[in-house]
Amino acid sequence: MIKVTFIEHDGTETTAEGDHGDSVMSLAVAQGVDGIVAECGGGMMCATCHCYVDDAWFGKTGPRSEGEEDMLESAVTEVKPTSRLSCQITLSDDLDGLVVRLPEVQV
Numbered sequence: 001m002i003k004v005t006f007i008e009h010d011g012t013e014t015t016a017e018g019d020h021g022d023s024v025m026s027l028a029v030a031q032g033v034d035g036i037v038a039e040c041g042g043g044m045m046c047a048t049c050h051c052y053v054d055d056a057w058f059g060k061t062g063p064r065s066e067g068e069e070d071m072l073e074s075a076v077t078e079v080k081p082t083s084r085l086s087c088q089i090t091l092s093d094d095l096d097g098l099v100v101r102l103p104e105v106q107v
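Okay, so the sequence shown: first residue is 1 according to the UniProt record's numbering, each after it adds one.
Dropping the structure here:
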């Protein structure tokens with residue numbers, strides 16, 4: 001199992017365990033993590049699974065695709081260098097211990 005810690009805007013932390021190949025978004029939804037709405041179910045169509053990857057982990061999550069860049073730029077009010085759509089981050093052994101922070105509101 002791969003552990004991911006979600007930190008909500010108010011500092012509340014939830015650590016969940018997922019399987020290799022799951023998305024960070026699907027793990028958050030399955031665990032009922034507040035702050036990940038996931039309206040489109042992972043289709044990269046809504047940006048309601050936006051998160052900020054902890055600086056120490058950002059390089060391990062892989063680069064944003066062009067489509068992800070476009071969605072972030074068009075739908076997210078505060079895009080940061082570590083912004084990602086959690087539906088586009090796939091769990092792997094390299095991400096065991098991943099930390100993501102959630103914005104105060106989703107689009």
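Quick reminder that beta carbons are idealized off the backbone N, C-alpha and C, glycines included.
Residue burial classification, residue i (beta-carbon count within 10 angstroms, cutoff 16)
i: Ala56; result: exposed
i: Val24; result: buried
Spatially closest choice to residue i from the options, by CA coordinates
i: Met45; options: Gln88, Asp93 and Met71; result: Met71
i: residue 108; options: Lys3, Asp22 and Val100; result: The shown model of the chain, from 1 to 107, leaves out residue 108, and the question about it has no answer.
i: Asp96; options: Thr12, His20 and Gly59; result: His20
i: Pro81; options: Ile7, Glu39 and Phe58; result: Phe58
Residue i versus residue j - alpha carbon distance
i: Ser26; j: Leu85; result: 12 Å
i: Val76; j: Ala47; result: 7 Å
Residue i beta carbon near the ligand SAH (any heavy atom closer than 7 Å)
i: Ser92; result: Only the bare structure without any ligand can be found here, which leaves the ligand SAH out of the picture.
Contact under 8 Å by Cβ, residue i with residue j
i: Val37; j: Cys49; result: yes
i: Lys3; j: Glu13; result: no
In DSSP terms, what residue i is bridged to
i: Glu13; result: Ile7
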